[in-house]
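Asks: Going down the list, the sequences are from chains A and B. Position 131 (the first sequence) corresponds to 132 in this note's numbering; numbering is contiguous. Position 343 (the second sequence) corresponds to 344 in this note's numbering; numbering is contiguous. Just so it is clear, CB atoms sit at the ideal spot from N, CA and C, and this is done for glycine as well.
Protein chains: 2
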Amino acid sequence: MADETSLVQPLSLSAQVAAARSGDLPLQDLIDQTLTRWDAVNPLIRAMLPDPRLRERLSSEAADAAARWPVPSQRPPLYGAMVAVKDIFNVQRMPTRAGSAVPPESFSGREADVVARLREAGALVLGKAVTTEFAYFAPGATANPHHREHTPGGSSSGSAAAVAAGIAPLALGSQTVGSVVRPASFCGVVGFKPSYDRIPTGGTLYYSPSVDTVGYFVQGVADAALVAASVLLGWREGEDAEAPVPRVGIPIGNFLDQAGDDMRAALDEAANRLATAGMTVEEAMTLHDIEDINVRHRNLTTREFAETHQERYDKYGAMFRPQSAQLYEAGLDISAADAEAGRASRIALRQRLHERMDRAGVDVWLAPSAVGPAPHGLHSTGDPAMNLPWTHAGMPVISLPFGDVAGLPLGLSLVGRFGHDETLLGQAAMVEAALAAGG
Amino acid sequence: MADETSLVQPLSLSAQVAAARSGDLPLQDLIDQTLTRWDAVNPLIRAMLPDPRLRERLSSEAADAAARWPVPSQRPPLYGAMVAVKDIFNVQRMPTRAGSAVPPESFSGREADVVARLREAGALVLGKAVTTEFAYFAPGATANPHHREHTPGGSSSGSAAAVAAGIAPLALGSQTVGSVVRPASFCGVVGFKPSYDRIPTGGTLYYSPSVDTVGYFVQGVADAALVAASVLLGWREGEDAEAPVPRVGIPIGNFLDQAGDDMRAALDEAANRLATAGMTVEEAMTLHDIEDINVRHRNLTTREFAETHQERYDKYGAMFRPQSAQLYEAGLDISAADAEAGRASRIALRQRLHERMDRAGVDVWLAPSAVGPAPHGLHSTGDPAMNLPWTHAGMPVISLPFGDVAGLPLGLSLVGRFGHDETLLGQAAMVEAALAAGG
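Right, dumping it as structure tokens:
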């Protein structure tokens, strides 16, 4: 069995794309490199799902891309990018299994819009990545590349682990509570969950359509921005470059009190580094009513989960995993009025957080991406408490790796204003640099 | 949602078969009755797996049986018996899924020998019952009919629950540690695990071929004996009828100390009732080295699990559930010598227990079937500690329901001498009567 430290390997999307676009790295060689890495580490971390036609399918996709864009200078921005796709996104000619024993025909449908956008931008679908069942809590077998006895987080478990292990430089995920930001934190990679509705969700298996947000994993903020230009609806060219140095707010109070000591210490250290780099960093009491927010978010998402899966449950309920069956049943007991209250709460919270940012002079919130490092064991994917209110408000979040506990990474969330994903990405690049410089 | 108490409903195999054999209950009416019950309770307990051709397949099997055995007096002993089959047994024209997201073609093979034997005895395959993945610990969604927030136990989860809920009067299971006896205890039904190798295991998905034992669930000892005559290899007609009144031993010491207070109290009460009925009941210190036995059993079964699943893991490891992947990996680290020591230990323990029975004047051991009632939650199937040494020794065990804790059943195990399953069944009938009489 390989030395565990060798399971973690940074892989730059920008570098991969640059080499492929220029022709320095022919796509066939890129495929060979990628599959060599897959074969070496995937049996140990179980991030990518088996695909009996893997090499032949990739070669065929690569040949199509090379034929379509023969001239290097005319190649699109993600030409040659190897993308791992969470297995709740439909991809043409690949089954969607959604982490479930329910037959794949139950999930079939047109290719996900975001996958089609990535293809148009020149990316190749490397394969499907392990997800918890239906993007909820019943975990797959994926192990954390930093320590195989620890969860990679969920629900986008395989996506986060595949990027951390250097199998893919880019992986799609989705978030209904904390399913991108938490695994990014646990696996030591960058996770970006844009504003609600900034990436189309068509062709994905819904958990809670009023909340579900497509996001992705990469190695750094520059890679996140490179992808954003291709997948964010209404991308505003240049807005990120014009972003002012951010004024950073720490959301102290009942919300932050949920975080463990390791995370609190990392947050303090990060705040110091940002201040050292010349940013204003202020504490601002907020989210005092986090318990109410949690309840309203759970009501909305749990009822919508039951609505989403009703026909499937009637047919295949005995093939659900216990967590999913119990969430489904819980959803049956939540009224339409409670779900509607959850939807209204989303808008109200967003507005309230924006007003709080205005009053406190805050451009981005800096907060833990999880309550601590990845917990031990693969039976649970950890606690999304630190992600819930931002997801509820639909605000964009990018998680940056920062520090570790005994080799297990920690991550910090930067939270921007709803709809201002470009500004958040621009400011995240500054924060990333300041955090690195202070080390 | 139905009243939870209505989920439990005794269904006598003997009565079902008598009505079908005589023709009082035409098979088509029996099918209607059975599917009505299935439809009413299965959505709530998730014991039986979906089958798109259920009614048409059953009708066709019933028509074949009726045509084959037109004369009531010539009908075989299990004519019309509706059997639920744990989904690790192959059944012709039905996929085997083994509680897994791994594609069913990975498990295909000839029909299980025991299924073929039951068909020859006139039984009809009602359907597949939920199993934990690969008959290990990763649970399905089955709920305990006595309380839906509690596990039915495992790995034969759906089999035990289907019998408890009156969907089927007979269900096949298998046991490598405690996968028949524990769910029987949790679900308040009779579970019979014969001596090792008394029921053929051909056509089943192995966990640990040196240990795996086919067993089954019914409502009472008479039903267990009725089935035994058709499925036990080398059935010795009449031996059960000749069984002497058993001398009962209570295996006190380190093994029994693992049981909780509720079970200890039930065991004491049962011992009193048996004594009242005129049986000798003696405590006998045994299994002092239970911790060593546990280790040797785990070594053997875990290594054999890895051997059984090696090809499957290489191909589909990322589709395993975490518990199964981790058991597989643990098995890779166990030496062939340790597994062989486990095999030798089985024979030695059997011999030692027989000698202990001789010295103490014990015909059957009476012991808890689980450490307590079914634990809360569907995420775990409970602790098989009370089953392990008997399975290790390969001795026959029958679990009888006895008492409850707040509506959750308890069960007690009667353990006989290896190979003397007929005697055990005969004596179990006496114990069953004595326990009921003393109430």
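Three or more C-beta pairs under 8 Å: does that hold for the region 319 to 334 of chain B against the region 422 to 440 of chain B?
Replies: No: fewer than three Cβ pairs fall under 8 Å.
Asks: What's the gap between the Cα of residue 149 of chain A and the Cα of residue 51 of chain B?
Replies: Rounded to the nearest angstrom, the two C-alpha atoms are 35 Å apart.
Asks: Please name the residue, chosen from B:46, B:24, B:10 and B:30, that lies closest to residue 321 of chain A on a Cα-to-Cα basis.
Replies: Of the candidates B:46, B:24, B:10 and B:30, the one whose C-alpha sits nearest the C-alpha of residue 321 of chain A is B:46.
Asks: Using 10 angstroms around the beta-carbon of residue 89 of chain B, count the other beta-carbons present and answer buried if the total reaches 16, otherwise exposed.
Replies: By the 10 Å Cβ count, residue 89 of chain B comes out buried.
Asks: Shortest alpha-carbon distance to residue 282 of chain A belongs to which of A:70, A:29, A:204 and A:250?
Replies: For the residues A:70, A:29, A:204 and A:250, the minimum Cα distance to residue 282 of chain A belongs to A:250.
Asks: Nearest to residue 248 of chain B by CA position, among B:284, B:351, B:120 and B:301, is which residue?
Replies: Checked all of B:284, B:351, B:120 and B:301; the closest Cα to residue 248 of chain B is B:284.
Asks: Using only alpha-carbon positions, find the residue among A:231, A:60 and A:391 that is nearest to residue 252 of chain A.
Replies: Comparing Cα positions, the closest option is A:391.
Asks: For a contact meaning CB atoms closer than 8 Å, what does residue 48 of chain A contact in chain B?
Replies: Ordered by position in chain B, the residues that pass the 8 Å Cβ test against residue 48 of chain A are 319.
Asks: Pairing CB atoms from the region 68 to 78 of chain B with CB atoms from the region 192 to 203 of chain B, are three or more of them under 8 Å?
Replies: Touching, no.
Asks: Out of curiosity, what's the CA-to-CA distance linking residue 334 of chain A and residue 305 of chain A?
Replies: Distance between the alpha carbons of residue 334 of chain A and residue 305 of chain A is about 11 Å.
Asks: Is residue 9 of chain A near residue 165 of chain A, with beta carbons less than 8 Å apart?
Replies: In this structure, residue 165 of chain A lies closer than 8 Å to residue 9 of chain A by Cβ.
Asks: Using only alpha-carbon positions, find the residue among B:341, B:43, B:157 and B:384 that is nearest to residue 297 of chain B.
Replies: Per the Cα distances, B:341.
Asks: Select from the region 363 to 394 of chain A all residues with a C-beta closer than 9 Å to any C-beta belonging to chain B, and list them in chain order.
Replies: The residues in question are 378, 379, 380 and 381.
Asks: Taking only the alpha-carbon atoms, compute the straight-line gap between residue 14 of chain B and residue 169 of chain B and give it to the nearest angstrom.
Replies: Going by the C-alpha atoms only, they are around 8 Å apart.
Asks: Would you mind sorting residue 146 of chain B into buried or exposed? The rule is 16 or more other CB atoms within 10 Å of its CB.
Replies: Buried.
Asks: Less than 7 Å separating the Cβ of residue 93 of chain A from some heavy atom of the ligand FAD?
Replies: Inclusion of the ligand FAD in the displayed structure is not the case, the ligand content being empty and no account of it being possible.
Asks: Taking DSSP's pairing of strands, which residues face residue 366 of chain A in a bridge?
Replies: In DSSP, residue 366 of chain A forms a bridge with A:250 and A:416.
Asks: Is there contact between the region 196 to 215 of chain B and the region 109 to 122 of chain B, where contact requires at least three CB pairs shorter than 8 Å?
Replies: Cβ pair count under 8 Å is three or more, so yes.
Asks: What is the DSSP secondary structure of residue 446 of chain B, reduced to helix, strand or coil?
Replies: Since the first and last residues shown for chain B are 2 and 440, residue 446 of chain B lies out of range.
Asks: With DSSP as the reference, label residue 157 of chain A as helix, strand or coil.
Replies: Looking at residue 157 of chain A - three-state DSSP - the assignment turns out to be coil, as it is neither helix nor strand.
Asks: For residue 276 of chain A, which option in A:104, A:375 and A:438 has the closest C-alpha, if you only look at C-alpha atoms?
Replies: Checking every option, the nearest Cα to that of residue 276 of chain A belongs to A:438.
Asks: Is the distance from the Cβ of residue 351 of chain B to the Cβ of residue 396 of chain B below 8 Å?
Replies: It is a contact, given that the beta carbons lie within the stated cut-off.
Asks: Indicate whether the contact test is met: 3 or more Cβ pairs, each with one atom in the region 350 to 368 of chain A and one in the region 221 to 233 of chain A, closer than 8 Å.
Replies: Not touching, per the Cβ criterion.
Asks: Can you tell which of A:121, A:160 and A:107 has the C-alpha that lies nearest to the C-alpha of residue 130 of chain A?
Replies: Residue 130 of chain A has its Cα closest to that of A:160, out of A:121, A:160 and A:107.
Asks: With DSSP as the reference, identify every bridge partner of residue 95 of chain B, one or two as the case may be.
Replies: Looking at the DSSP assignment, residue 95 of chain B forms a beta bridge with B:92.
Asks: Between the region 305 to 316 of chain A and the region 119 to 135 of chain B, are three or more C-beta pairs nearer than 8 Å?
Replies: Taking 8 Å as the limit for Cβ pairs, the verdict is that the region 119 to 135 of chain B does not touch the region 305 to 316 of chain A.
Asks: Could you give the distance in angstroms between the alpha-carbon of residue 97 of chain A and the alpha-carbon of residue 49 of chain A?
Replies: If you take the alpha carbons of residue 97 of chain A and residue 49 of chain A, they lie about 13 Å apart.
Asks: Quick check: the Cα distance between residue 106 of chain A and residue 21 of chain A, rounded to an integer number of angstroms?
Replies: About 35 Å.
Asks: Are the C-beta atoms of residue 194 of chain B and some chain A residue less than 8 Å apart?
Replies: No, because no Cβ of chain A sits closer than 8 Å to the Cβ of residue 194 of chain B.
Asks: Sorted by chain position, which residues of the same chain lie with C-beta nearer than 6 Å to residue 428 of chain B's C-beta, five sequence neighbours on each side aside?
Replies: 244, 247 and 365, listed in sequence order.
Asks: Give me the residue from A:94, A:142, A:178 and A:57 with the minimum Cα distance to residue 299 of chain A.
Replies: Closest by alpha carbon: A:178.
Asks: Apply the 10 Å Cβ neighbour rule to residue 220 of chain A and answer buried if 16 or more other Cβ atoms are within range, or exposed otherwise.
Replies: Counting Cβ neighbours within 10 Å, residue 220 of chain A comes out buried, since at least 16 surround it.
Asks: With C-beta atoms as the reference, is residue 401 of chain A less than 8 Å away from residue 354 of chain A?
Replies: No. Outside cutoff.
Asks: In this structure, what does DSSP give as the bridge partners for residue 193 of chain B?
Replies: DSSP, once it has assigned bridges, lists B:217 and B:399 as partnering residue 193 of chain B.
Asks: Sort B:12, B:99, B:183 and B:124 by Cα distance to residue 413 of chain B and report the nearest one.
Replies: Nearest of B:12, B:99, B:183 and B:124 to residue 413 of chain B, Cα basis: B:183.
Asks: In chain D, which residues lie less than 9 Å from residue 316 of chain A when you measure between Cβ atoms?
Replies: Here the protein chains are A and B, and chain D is not one of them.
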